[in-house]
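In the numbering used here, each number is its position in the sequence shown, counted from 1, plus 619.
For every residue, glycine included, the Cβ atom is placed at its ideal position computed from N, Cα and C.
Comments concern the structure below.
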Amino acid sequence: MTASVRIDPAIVEVALGARSYHIAIGRGLLASLGARIAALRPGARTFIVTDENVARHLLAGTEAALAQAGVTTSHVIVPAGETSKSYGVFEQVCEAIIASRVERGDLVVALGGGVIGDLAGFAAAVARRGLDYVQVPTTLLAQVDSSVGGKTAINSAHGKNLIGAFHQPILVLADTAVLDALPKREFRAGYAELAKYGLLGDAAFFSWLEANWREIFAGGNSSGSFAREHAIAVSCRAKAAIVARDERETGERALLNLGHTFGHALEAACGFSDRLLHGEAVAAGMALAFAFSARQGLLPAAEADRAISHLAQVGLPTGIKDISGPLPTVDQLMELIAQDKKVKRGMLTLILVRGIGSAFIKSGVDQNEVRAFLSEKLAER
Ligand SMILES: NC(=O)c1ccc[n+]([C@@H]2O[C@H](COP(=O)([O-])OP(=O)(O)OC[C@H]3O[C@@H](n4cnc5c(N)ncnc54)[C@H](O)[C@@H]3O)[C@@H](O)[C@H]2O)c1
Ligand SMILES: [Zn+2]
């Protein structure tokens, strides 16, 4: 394992005063987890929360990395998938943390994708009135998005992520090699969130993605390109900067929701199932946000097409037409959008774009215009 350790991981700082932390990004970094934890928190015990898929691939290696540095550890393994962000599994994780005798000053380690990060992070926020935790994101989505920024949550019967807390990790360790084991479809879904940073605020990064996406997917850095590591670092830096300015989403952080209003409605319409993964829904949602913005005259149609074409090129859905199976009516879709976003007197707030790399928060969008737009898109299927 040591042979594959990158000596110079990319380090991104999340600047939040006393709660600042580092995101370390590099191929083979998992082997250094124990040493990093021992340096940050000498003598701390750890408790790993992971899911059954991740455990199969990575639990033994993670435990070995901790043991090597003399860090004591125990673990709980929960079922894989979104259904683990439930009260039942949350209770099981909290009880396991307490039973493991992890105490104040010790650490919870979230080893997995966004589901585990959200679940373990929330458990850490409340177990023993708050424990520190480390994020070891193992999906591309988690490495570029969910592990950074401190939002943690489980789901309510009323909707996703409605029970949670802001709780920042003390370290994020993103080992890009673990993504080699990720199913291609999951990797691609994570790529949507990565492309989001280019589309919302960094046109040069988007151009770079157009030229380099294949290398990001291939991952191997035998060519010495480190395209995957670079793309993840740029994404984390973008998110970290926004989070540092607006930790609790009172303003600018909402830009990170580009594609998410349409996306969440489509995700809900598909029952949050394997029919449409979160990142796939976000890709379709971003394509709709670009198309809608072009229709509002905010940017040239050709520029919207360029954004949409790239998402299509990597194999992501770019609209309602790409979603197979039954979908609700336009009224039901509007209902789902209204649930996701507060509608005030028939007006919606959406993240729209004035170009690639220029997203902005637009309030006062007429619901009827959105309805007419979605009606057309539904009719195209
Ligand atoms: N907190 C935030 O800011 C934030 C942001 C975006 C998304 N999220 C949340 O993230 C969740 C989605 O995260 P996700 O897409 O990572 O899903 P996930 O955690 O369910 O992981 C996807 C699948 O990949 C498997 N897997 C994970 N790592 C693997 C690896 N290295 N090799 C092989 N298989 C692996 C998992 O077991 C799972 O089956 C959603 O619940 C969403 O709400 C949170
Ligand atoms: Zn998302």
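{"query": "Per the DSSP calculation, Asp737 is bridged to which residue(s)?", "result": "None, per the DSSP bridge assignment."}
{"query": "Identify whether Asp865 lies in helix, strand or coil by the three-state DSSP scheme.", "result": "coil"}
{"query": "When the Cβ atoms of the stretch 685 to 693 are set against those of the stretch 637 to 656, are three or more pairs found closer than 8 Å?", "result": "yes"}
{"query": "Could you tell me which residues DSSP pairs with His641 in its beta bridges?", "result": "Glu632, Leu790"}
{"query": "Using only CA atoms, which one of Ala931, Cys889, Ser892, Gly724 lies nearest to Leu907?", "result": "Ala931"}
{"query": "Using only the heavy atoms of ligand 1, determine whether one of them is closer than 6 Å to the beta carbon of Glu1063.", "result": "Given that the chain is displayed from residue 620 to residue 1000, the structure contains no residue 1063 and the question cannot be resolved."}
{"query": "His777 lies in the beta strand (DSSP E); which residues open and close that run?", "result": "Looking at the DSSP string, His777 is not in any beta strand (DSSP E), and its letter there is neither H nor E."}
{"query": "Please return the same chain residues whose Cβ sits closer than 7 Å to the Cβ of Ser693, not counting the five positions on each side in sequence.", "result": "Phe666, Ser719"}
{"query": "Would you mind working out which of Lys981, Phe825, Pro788 sits nearest Leu659, comparing C-alpha positions?", "result": "Pro788"}
{"query": "With a cut-off of 8 Å on the beta carbons, I'd call Leu967 and Val984 a contact; round off their distance for me.", "result": "5 Å"}
{"query": "Runs of 3 residues minimum, wholly inside the stretch 881 to 914: which ones carry the beta strand (DSSP E) assignment?", "result": "none"}
{"query": "Helix, strand or coil for Leu801? Go by DSSP, reduced to three states.", "result": "coil"}
{"query": "Would you mind sorting Pro945 into buried or exposed? The rule is 16 or more other CB atoms within 10 Å of its CB.", "result": "exposed"}
{"query": "Does the Cβ of Val901 lie closer than 6 Å to at least one heavy atom of ligand 2?", "result": "yes"}
{"query": "Going by beta carbon distance, what residues of the same chain come within less than 6 Å of Ala715, once the five residues before and after it are set aside?", "result": "Val695"}
{"query": "What is the rounded straight-line gap between the Cα of Glu922 and the Cα of Glu871?", "result": "23 Å"}
{"query": "State the start and end residues of the unbroken alpha helix (DSSP H) segment that holds Phe709.", "result": "706 to 718"}
{"query": "Whether or not the stretch 972 to 982 and the stretch 909 to 929 are in contact is what I'm after, with contact meaning three or more pairs of Cβ atoms, one per stretch, closer than 8 Å; do they touch?", "result": "yes"}
{"query": "Among the residues of its own chain, which have a CB less than 7 Å from the CB of Leu918, if the five just before and after it don't count?", "result": "Ser912, Val972, Arg973, Gly974"}
{"query": "Between Phe741 and Phe709, which are expected to be in contact by the criterion C-beta below 8 Å, what is the C-beta distance as a whole number of angstroms?", "result": "7 Å"}
{"query": "Given a cut-off of 7 Å, decide if Ala793 and Ile939 are closer than it, judged by their beta-carbon atoms.", "result": "no"}
{"query": "Exposed or buried, what is Ser943 when buried is set at 16 or more other beta-carbons lying within 10 Å of its beta-carbon?", "result": "exposed"}
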